[in-house]
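If you read the protein sequences in the order shown, they are chains L and U. Taken in order, the first sequence gives residues 1363 to 1839; the numbers are from our numbering. Taken in order, the second sequence gives residues 1363 to 1839; the numbers are from our numbering. Glycine included, every Cβ here is placed at the ideal spot set by N, Cα and C. For reference, the structure is listed below as structure tokens.
Number of protein chains: 2
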Amino acid sequence: MYDMAIELNTDGAKCLYEQIYEHIREEIKGGRLLSGERLPSTRALAEYLQVSRTTVDFAYGQLLSEGYIEAIPYKGYFVCRVEELPEGNMAVLMAENRLPEAEEEESNFCNRNICYDFSPNGLDMSLFPFGVWKKITKNILNDGNKELFALGEAQGDYDLRQTISRYLHSARGVKCTPEQIVVGAGNDYLLLLLEKMLGRHAGVAMENPTYKRAYRIFRSFAYHVEIVGMDENGMNVDELQKKQVKAAYVMPSHQYPTGVTMPIGRRMELLKWAAEEEERFLIEDDYDSEFRYKGKPIPSLQGSDGNGKVIYIGTFSKAIAPAIRVSYMVLPPLLMRRYRECCSFYASTVSRIDQRILNEFIRDGYFERYLNKTRKLYREKHDILLQELKPFRKKFQVSGENAGLHLVLTSRDKKHTEENLIGRAAECGVKVYGMSDALIEEDAQGFLAERKLILGYGGLKTEEIKDGMAKLKQAWL
Amino acid sequence: MYDMAIELNTDGAKCLYEQIYEHIREEIKGGRLLSGERLPSTRALAEYLQVSRTTVDFAYGQLLSEGYIEAIPYKGYFVCRVEELPEGNMAVLMAENRLPEAEEEESNFCNRNICYDFSPNGLDMSLFPFGVWKKITKNILNDGNKELFALGEAQGDYDLRQTISRYLHSARGVKCTPEQIVVGAGNDYLLLLLEKMLGRHAGVAMENPTYKRAYRIFRSFAYHVEIVGMDENGMNVDELQKKQVKAAYVMPSHQYPTGVTMPIGRRMELLKWAAEEEERFLIEDDYDSEFRYKGKPIPSLQGSDGNGKVIYIGTFSKAIAPAIRVSYMVLPPLLMRRYRECCSFYASTVSRIDQRILNEFIRDGYFERYLNKTRKLYREKHDILLQELKPFRKKFQVSGENAGLHLVLTSRDKKHTEENLIGRAAECGVKVYGMSDALIEEDAQGFLAERKLILGYGGLKTEEIKDGMAKLKQAWL
Chain L
1363 MYDMAIELNT DGAKCLYEQI YEHIREEIKG GRLLSGERLP STRALAEYLQ
1413 VSRTTVDFAY GQLLSEGYIE AIPYKGYFVC RVEELPEGNM AVLMAENRLP
1463 EAEEEESNFC NRNICYDFSP NGLDMSLFPF GVWKKITKNI LNDGNKELFA
1513 LGEAQGDYDL RQTISRYLHS ARGVKCTPEQ IVVGAGNDYL LLLLEKMLGR
1563 HAGVAMENPT YKRAYRIFRS FAYHVEIVGM DENGMNVDEL QKKQVKAAYV
1613 MPSHQYPTGV TMPIGRRMEL LKWAAEEEER FLIEDDYDSE FRYKGKPIPS
1663 LQGSDGNGKV IYIGTFSKAI APAIRVSYMV LPPLLMRRYR ECCSFYASTV
1713 SRIDQRILNE FIRDGYFERY LNKTRKLYRE KHDILLQELK PFRKKFQVSG
1763 ENAGLHLVLT SRDKKHTEEN LIGRAAECGV KVYGMSDALI EEDAQGFLAE
1813 RKLILGYGGL KTEEIKDGMA KLKQAWL
Chain U
1363 MYDMAIELNT DGAKCLYEQI YEHIREEIKG GRLLSGERLP STRALAEYLQ
1413 VSRTTVDFAY GQLLSEGYIE AIPYKGYFVC RVEELPEGNM AVLMAENRLP
1463 EAEEEESNFC NRNICYDFSP NGLDMSLFPF GVWKKITKNI LNDGNKELFA
1513 LGEAQGDYDL RQTISRYLHS ARGVKCTPEQ IVVGAGNDYL LLLLEKMLGR
1563 HAGVAMENPT YKRAYRIFRS FAYHVEIVGM DENGMNVDEL QKKQVKAAYV
1613 MPSHQYPTGV TMPIGRRMEL LKWAAEEEER FLIEDDYDSE FRYKGKPIPS
1663 LQGSDGNGKV IYIGTFSKAI APAIRVSYMV LPPLLMRRYR ECCSFYASTV
1713 SRIDQRILNE FIRDGYFERY LNKTRKLYRE KHDILLQELK PFRKKFQVSG
1763 ENAGLHLVLT SRDKKHTEEN LIGRAAECGV KVYGMSDALI EEDAQGFLAE
1813 RKLILGYGGL KTEEIKDGMA KLKQAWL
């Protein structure tokens, strides 16, 4: 019998069976107990170690469960063959895995001195009704809605889809039934589903510059991205005609970053292009349509579509809060069928509790009230920024200012470059963004010379906008 | 001048500018105002309609914004060319889109008469501390943590990842740092990310039968799925060697549906297979490892991996509640680097609020207490089921009963078929599941003859288990 001199510790820190189990396991792993070797019977070992037989039974049971030993009837317990594996150096692998020191993606200019950041992603949440959100959450949890802890429909709960379809109809002129809506945790996730519906090797046409996040996502797909030029009305349809693509990604309400609102004529041309083939679609990303400062909101492209060609994507992350990971996609009938075939087994990514909170927030009118307030707030910022831009107008052209949370400045002075303007602004403590950031072609040289800058104002207070613009005046005028 | 006889309604239901705007828009869309046609000046139209000039300005402004008309300096307003589009019949498209009447996927047997459903997906949430969850939620919202409404890290908030890594270390023997963890809204979403990391055209090996949901998801990828046979120890490594695959998907703790726990020997063989090539990985789906009824929990496969070969996936949907859409994936260093390159731009799918709630739920010990209680509860059900199964043992073999929330019955009587056994159970009001449901090869004929049934007990009360088993006795014995 193999020497089972196990030093048992009886201070209670570890129970006896565990110590026996661990000892034998280490003996096997260390090659000191060899495959095929017979272990003592439970009775013999129990006697030897002066422990109860149950204790040894337990230890052997665990070794059996994990496959270190096997029991052969009427013969006893034997050590199993365990493949030896050169122990890799996990520590080294882990060390390699550390993050590159403080990933500062956008640290071209030292952030230390930046006091005014005109980021196009800035949002103002000062008016968000935290109290209302809390109250709704509390009520929902209070109501003992235990069914909310169960898994909901893959597409999203029907109530929420109904509320969204009503909202989209009245606010955006979208024509849809709740059956056409798919709710998901963010636009990126919805695009992942869309990849499955459009199939592999599909091509997607994008404008240039465009929303780079979407570009990166399409590139990570089994897709080819085709770049289509744009003019002051948006995507060039003649160029689009020449591309082998299944879908064109557009932002008709307020193109990012140029701020172009696509006129009805161009919209109809796009719809006509899509209608020419069954497998052609328009992806309408309506990312910031809630904020428009001139006239009524421009209806969605989807609303003009009579042929089931538009995939409409919107999000509450911008209009409510980025943490609200709820986006929605309105699918045309053909893709809806495909969703059911090839995507409906993907479980919902939004918890039912969050869906219910959001549903009540919209249904009970809080969303509309909040939107009205933030719209007013952003309009105020927008107006102040335009006011402050007056002295710049000789040297800069302003565009894309009718909607959204950013506008575009183009320097009329050909001596300037984008880089140069950004650098001078940074020296004065102001961060502005070059439009070339949104370019999706490698060679941005020609574009850099176009001297286009993006100024986002959503995240700055009105005073900060004034002060920031005063600094920019020093820098540029 | 085109006749602008607009009948203005002054009852206040719709403001005047909107009526003018809509009238002209419809005239253009209806082809009664043609492209290139000149509109009256704002002054002329205002006089003609007896409204203020601002009203007409507003209406024209909206038409301009939407691109129905254009302004040519010193000349006036002209109708734009709008592409005509044959109006498709959206109503018909929408009608086609209705759901097929009440999608009853699993209605082979009329559900009306089913009183006892031994679904392997059933869970018991009766012990869930709703009060604690509510309290944590309330506190978090009370603390005015407004930063929680901002977008968090793509990988998941660091605090939560740290808590998960600690939990995985102590409960599952997983060796990882928080940097290796990616949090996402459900396993399906994590697999979508994994698709990007493993690259296109990768092959995945799966056992047969297996977890069909994962199979469907891999199939929806640009992947080929290779079926590898399994024996009583799990996936057959000799067969695996012959397949051109990048990854093997396994459930070593408790294979679904067979309930096999993979012994250490087979685990080492798999790890050795993976270590032979840089681009080989094991996907360990540890879906129900929290529930084990015999001995200590079996440590994870990841914990035995010294070479960075295991992708460990787990979820809180099973251990807490299906509505908690939080899963996690532990990536080996190589894939972690790839995640940063090609996936880190996918925004997090879990709201920061939910992440924080979960973090406190685990960190403050509620999770462990809840797990201990449910484990006890499930063990009770498990023991009762085994007790009730005693009279069946002559005719049926029981397996996979050491862990999880289901076990497997195999009929010893060759005259039986799976279908036949399920049918007879249904006649007595009991729903049991055939293992062939989990088969991923088309031809399940041979398997049907194997007469294997799945009995899940998580969702049934102890009394229901007893009553259901009594019915089954009538049906089968």
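(1) Taking all protein chains shown into account, do 16 or more other C-beta atoms lie within 10 angstroms of the C-beta of N1371 (chain L), making it buried, or fewer, making it exposed?
(2) In chain U, which residues lie with their C-beta within 7 Å of the C-beta of C1704 (chain L)?
(3) Given a threshold of 16 other Cβ atoms within 10 Å of its Cβ, counted over all protein chains shown, does H1778 (chain L) qualify as buried or as exposed?
(4) What residues from chain U crowd round S1615 (chain L), counting only those whose CB sits closer than 7 Å?
(5) Just to confirm my understanding: we take Q1836 (chain L), look at its own chain, exclude 5 residues before and 5 after, and list those with CB closer than 7 Å. What are they?
(6) Do we get a CB-CB distance below 8 Å when we pair K1558 (chain U) with the residues of chain L?
(7) Just the chain L side, please: which residues come within less than 8 Å of N1764 (chain U) by C-beta, in chain order?
(8) Looking at the C-beta of R1687 (chain U), does it have a partner C-beta in chain L at a distance below 8 Å?
(9) Rounded to whole angstroms, what is the Cα-Cα separation between T1525 (chain U) and Y1674 (chain L)?
(10) Between which two residues does the beta strand (DSSP E) containing S1761 (chain L) stretch?
(11) Residues of chain L with CB under 7 Å from I1715 (chain U), in chain order?
(12) Identify whether G1821 (chain U) lies in helix, strand or coil by the three-state DSSP scheme.
(13) Determine, using beta carbons only, whether V1590 (chain L) and E1557 (chain L) come nearer to each other than 8 Å.
(14) Touching or not, the segment 1757 to 1772 of chain L and the segment 1640 to 1659 of chain L, by the rule of three or more beta carbon pairs under 8 Å?
(15) Compare the beta carbon distance of T1623 (chain L) and A1800 (chain L) with 8 Å and say whether it is the shorter of the two.
(16) So who's on the other strand from R1654 (chain L), going by DSSP bridges?
(17) If you measure between the beta carbons of L1822 (chain L) and Y1520 (chain L), is that distance less than 8 Å?
(18) At which residues does the beta strand (DSSP E) containing V1413 (chain L) begin and terminate?
(19) Chain L partners of C1477 (chain U), CB-CB under 7 Å?
(20) Give me the Cα-Cα distance between I1382 (chain L) and Y1410 (chain L), rounded to the nearest whole angstrom.
(21) Is the CB of E1652 (chain L) under 8 Å away from at least one CB in chain U?
(22) Where do the N-terminal and C-terminal ends of the alpha helix (DSSP H) with D1519 (chain U) fall, by residue?
(23) Can the beta-carbon of M1797 (chain U) be found closer than 8 Å to that of I1816 (chain U)?
(24) Taking a Cβ distance cut-off of 9 Å, strictly less, list which residues of the segment 1711 to 1736 of chain L are near chain U, in chain order.
(25) Closer than 7 Å by beta-carbon distance: list the chain U residues that pair up with R1562 (chain L), in chain order.
(26) Relative to the C-alpha of S1615 (chain U), which candidate in L:E1812, L:E1384 and L:S1427 has its C-alpha closest?
(27) Measuring only from the beta carbon, is L1554 (chain U) closer than 7 Å to any heavy atom that is part of the ligand MG?
(28) Within a Cβ cutoff of 8 Å, which residues of the same chain sit near K1680 (chain L), ignoring the five residues on either side of it in sequence?
(29) Quick one: what's got a C-beta closer than 8 Å to S1469 (chain U)'s C-beta in the same chain, skipping five residues either side?
(30) Tell me T1772 (chain U)'s beta-bridge partners as DSSP assigns them.
(31) Does the structure place the segment 1544 to 1561 of chain L close enough to the segment 1693 to 1709 of chain L that three or more beta carbon pairs sit under 8 Å?
(32) Is the beta carbon of V1599 (chain U) sitting closer than 8 Å to the one on Y1585 (chain U)?
(33) Which two residues bound the contiguous alpha helix (DSSP H) that contains G1627 (chain L)?
(34) So is E1646 (chain U) in contact with chain L if we call contact Cβ pairs under 8 Å?
(35) Could you check which residue in L:R1443, L:F1490 and L:M1613 has the C-alpha nearest to that of Y1732 (chain L)?
(36) What residue ranges within the segment 1544 to 1618 of chain L form continuous alpha helix (DSSP H) runs of no fewer than 4 residues, ordered along the chain?
Let me spell this out:
(1) Answer is exposed; the Cβ neighbour count stays below 16.
(2) Within chain U, the residues placing a beta-carbon under 7 Å from that of C1704 (chain L) are S1582, ordered along the chain.
(3) buried
(4) Near S1615 (chain L) there are no residues of chain U at all, since even the closest Cβ is about 10 Å away, more than 7 Å.
(5) C1790
(6) Judged by the 8 Å Cβ criterion, K1558 (chain U) is in contact with chain L.
(7) S1427
(8) It does: the Cβ of R1687 (chain U) has a partner Cβ on chain L nearer than 8 Å.
(9) 38 Å
(10) S1761 (chain L) -> beta strand (DSSP E) spans F1758 to S1761.
(11) A1685
(12) DSSP places G1821 (chain U) in coil when its eight states are reduced to three.
(13) no
(14) Taking 8 Å as the limit for Cβ pairs, the verdict is that the segment 1640 to 1659 of chain L does touch the segment 1757 to 1772 of chain L.
(15) no
(16) The partner list for R1654 (chain L) (beta bridge, DSSP) reads L:A1765.
(17) no
(18) Element bounds for V1413 (chain L): n/a, residue is neither H nor E.
(19) In chain order: nothing, as chain L lies at least about 20 Å away.
(20) Whole-angstrom Cα-Cα distance: 12 Å.
(21) no
(22) Boundaries for D1519 (chain U): no alpha helix (DSSP H) harbours it, and the DSSP string shows neither H nor E there.
(23) For M1797 (chain U) and I1816 (chain U), yes; Cβs fall inside 8 Å.
(24) T1711, V1712, S1713, R1714, I1715 and D1716
(25) The contacting residues are A1584.
(26) L:S1427
(27) This structure simply doesn't include the ligand MG, nor any ligand for that matter.
(28) L1485, Y1649, D1650 and E1652
(29) Interpretation of S1469 (chain U) is limited by its pLDDT of 41, a score under 50 that renders its predicted location unreliable; the figure taken from the coordinates is listed afterwards. No residues qualify anywhere along the chain.
(30) Looking at the DSSP assignment, T1772 (chain U) forms a beta bridge with U:Q1759 and U:K1814.
(31) yes
(32) no
(33) I1626 to A1637
(34) no
(35) L:F1490
(36) At a cut-off of 4 residues, the continuous stretches assigned as alpha helix (DSSP H) that sit fully inside the segment 1544 to 1618 of chain L are 1549 to 1560, 1574 to 1582 and 1599 to 1603.
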